Amino acid sequence: MHQNVRVRFAPSPTGPLHIGGVRTALYNYLFAKKNNGTFVLRIEDTDQNRYVEGAENYIVEALNWCGIPYDEGPGKEGGFGPYRQSERKDKYFAFAEKLIASGDAYYAFDTAEALDAHRKDHEEQGKTFIYNWHNREQLDNSLNLSPEETQKRIEAGEDYVIRFKSPQSEILELEDLIRGSVEVDTSLLDDKVLFKADGMPTYHLANIVDDHLMEITHVIRGEEWLPSLALHVMLYRAFGWETPQFAHLPLIMKPVGKGKLSKRDGDKMGFPVFPLEWKDPKSGDLSAGYREDGYLPEAVVNMLAFLGWNPGTEKEIYALEELIQDFELSRVHKSGAKFDPEKTKWFQQQHLHNATDESLVSGFQAILKEKRFDVDDAYVKQVIHLVKERAVFIADLWEQGNFFFERPTSYDEKAAKKAWKEDTGTIMTSLSKIISETEDFTAQNLSANVKGWIQNEGLGFGKVMQPLRLSLVGSMSGPDVFDIAATIGKAKTLERIRFAIETL
Ligand code: GLU
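Using our numbering, you'd call the opening residue of the sequence shown number 3 and step up by one each time.
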């Protein structure tokens, strides 16, 4: 690519970022990094009514947690700022006026009541009211007024909007990197408002002006914006600007049934639809997040990458660096991507297993601290190494390895019945002797000594190993019993056997 690639993620801060939004950001990030480009974050906050406190911070934190930070954006000036549209608001009006001067836009004075009346009127006749070529000559706008009259009404302080003048009948040939050519008949389009009576631009105007001023080369966004593409392309043409390339990403669909994935699906089926937990500032309602639910960001990123894309090979487990290498917009699917909460868990499990023991220490330490265990990192790391394979989440490390930190306080009844027989007490007393005589207390050495002794005595493995496991763990689960013994050490091993003999 000869041109410097510049892409943007342009969310509106109207609440927490849905995982669909995170996926859009991710694809932008991957595309930028793959092409040595720049990933811009632009906050589209021109709609003051929908502004939600904390939403922008949430977006930034979510991108950072996922490991896909923006290169340019609020707080990271790159020569194209400011990056919040609310801080750019004095830029837009001049562009709207340009379109008026070129005849591509016009002032419209129609009041909300008048438009409502038209809508009702149409409805009664079984039609839909569309403000465009077929009726704009009968409506209250500057197309039907002399320049002087228009000026007078504006100066008198009348409310007006600026509308785009859509061509009456033209077949537009639109190009999308994922969908190929899309044809749109302009006679079906309405004359969209570009500038509102409150002095603010609409999304359409601000978005196009900013993409141009920020020198965006590729617009990668959700499919819900495909219906706006015709207008956007016409705006570029009217301004005489070069059009960026467009890629519209498939929708993320419900796990079961039809339709877009919603928060309600998550609530019903018990999975988060947000990257981070979110507390609604008004209602105080709490929505679950992948981070707080114990997911690794690597797993969430991998899962999202595969929601609408695949590399065309069998490979499914990807680190971010590998995604950057293999990601291609041309391999993004056209049809909706079904969200699969089970597959998400599978990605989590795979990434937890692939994570280094070291990288899981601080997460597990947090759980241990909460349970008031003060253990050093080296020990925690050793435990992680032994139980990681059985865990899906970091919290499972506790379920799987609690006996490394505390003596079993009770014994699994069924297991005890099966493993602890009449003669077990005597056998365990002799075993204790073998254990206490083992100088070099490694799993390997201990295993050799104990197994040798079992053979010499002709005892049978189950008769020794099962009660030993029961003594150390409290149940029949856990990793190799000699690994457990070597990790907790000789003194604790002997103490637990003694305690089991006394209790059972
Ligand atoms: N502000 C729009 C949104 O919230 C941006 C759409 C676009 O990327 O053009 O999704």
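Ideal Cβ positions, reconstructed from N, Cα and C, are used throughout, including at glycine.
Quantities reported herein were computed from a predicted structural model and do not represent experimental measurements.
Spell out the partners DSSP gives residue i in its beta bridges.
{"i": "Asn143", "result": "Ala110"}
{"i": "Ala321", "result": "Its beta-bridge partners do not exist; DSSP assigns none."}
{"i": "Asp118", "result": "None, per the DSSP bridge assignment."}
{"i": "Pro203", "result": "Phe197"}
{"i": "Leu446", "result": "Here residue 446 is Gln; the residue named in the question, Leu, does not match the sequence. DSSP lists no partner for Gln446."}
{"i": "Leu174", "result": "Val186"}
{"i": "Val394", "result": "Answer is none; Val394 lacks a bridge partner."}
{"i": "Val9", "result": "Phe41 and His220"}
{"i": "Trp280", "result": "Ser289"}
{"i": "Gln153", "result": "Beta-bridge pairing links Gln153 to no other residue."}
{"i": "Met255", "result": "Lys262 and Lys340"}
{"i": "Ala249", "result": "Ile222"}
{"i": "Lys78", "result": "Gly75"}
Less than 7 Å between the CB of residue i and some heavy atom of the ligand GLU, yes or no?
{"i": "Asn209", "result": "yes"}
{"i": "Val382", "result": "no"}
{"i": "Trp227", "result": "yes"}
{"i": "Ser88", "result": "no"}
{"i": "Arg8", "result": "no"}
{"i": "Pro299", "result": "no"}
{"i": "Ala57", "result": "no"}
{"i": "Ala12", "result": "yes"}
{"i": "Tyr205", "result": "yes"}
{"i": "Val221", "result": "yes"}
{"i": "Glu217", "result": "no"}
{"i": "Glu175", "result": "no"}
{"i": "Glu279", "result": "no"}
{"i": "Glu46", "result": "yes"}
Would residue i be called buried (16 or more neighbouring beta carbons within 10 Å of its own) or exposed?
{"i": "Pro229", "result": "exposed"}
{"i": "Glu401", "result": "exposed"}
{"i": "His335", "result": "exposed"}
{"i": "Thr219", "result": "buried"}
{"i": "Val275", "result": "buried"}
{"i": "His2", "result": "Because the chain is modelled from 3 through 506, residue 2 falls outside the range shown and cannot be assessed."}
{"i": "Ser364", "result": "exposed"}
{"i": "Leu288", "result": "exposed"}
{"i": "Glu115", "result": "exposed"}
{"i": "Ala158", "result": "exposed"}
{"i": "His355", "result": "exposed"}
{"i": "Gly462", "result": "exposed"}
{"i": "Ser473", "result": "buried"}
{"i": "Asp193", "result": "buried"}
{"i": "Asn6", "result": "exposed"}
{"i": "Gln140", "result": "exposed"}
{"i": "Pro18", "result": "buried"}
{"i": "Gln457", "result": "exposed"}
{"i": "Val303", "result": "buried"}
{"i": "Thr40", "result": "buried"}
{"i": "Glu300", "result": "buried"}
Would you mind working out which of the options sits nearest residue i, comparing C-alpha positions?
{"i": "Glu504", "options": "Thr219, Lys345, Thr431 and His234", "result": "Thr431"}
{"i": "Leu174", "options": "Leu65, Leu233 and Pro252", "result": "Leu233"}
{"i": "Glu177", "options": "Phe248, Glu125 and Ser148", "result": "Phe248"}
{"i": "Gly224", "options": "Leu251, Ala488, Gly201 and Thr411", "result": "Leu251"}
{"i": "Leu196", "options": "Leu472, Lys100 and Gly39", "result": "Lys100"}
{"i": "Thr48", "options": "Asn312, Lys416 and His206", "result": "His206"}
{"i": "Trp67", "options": "Glu294, Lys78 and Asp376", "result": "Glu294"}
{"i": "Gly182", "options": "Ser104, Tyr381, Gly480 and Leu331", "result": "Leu331"}
{"i": "Gly491", "options": "Glu459, Thr444, Val475 and Ala502", "result": "Thr444"}
{"i": "Met202", "options": "Ser434, Gln50, Glu217 and Val377", "result": "Gln50"}
{"i": "Ala199", "options": "Tyr381, Ser104 and Asp161", "result": "Asp161"}
{"i": "Asn38", "options": "Gln327, Leu215, Gln367 and Gly272", "result": "Gln327"}
{"i": "Ile102", "options": "Val54, Val163, Lys383 and Phe131", "result": "Val163"}
| Counting pairs of Cβ atoms below 8 Å between the region 314-329 and the region 83-90, do you hit three or more? | no
| field | Validate contact between the region 24-38 and the region 297-314 using beta carbons, cut 8 Å, 3 pairs | value | yes
| message | Counting beta carbon pairs with one atom in the region 481-500 and one in the region 446-453, are three or more of them shorter than 8 Å? | response | yes
| Is the region 122-142 in contact with the region 164-184, if contact means three or more CB pairs nearer than 8 Å? | yes
| said: Closer than 8 Å is the cut-off here; do at least three beta carbon pairs connect the region 382-391 with the region 416-424? | reply: no
| said: Under 8 Å: do the region 68-81 and the region 112-127 share three or more Cβ pairs, one atom per stretch? | reply: no
| said: Assess contact between the region 57-64 and the region 91-100, defined as three or more Cβ pairs (one per stretch) separated by less than 8 Å. Is contact present? | reply: no
| message | Pairs of beta-carbons, one from the region 371-378 and one from the region 436-446, closer than 8 Å: are there three or more? | response | no
| request: Examine the Cβ distances between the region 101-109 and the region 344-359 and report whether three or more of them are shorter than 8 Å. | output: no
| query | On the three-pair Cβ rule with 8 Å, is the region 470-486 touching the region 397-412? | reply | yes
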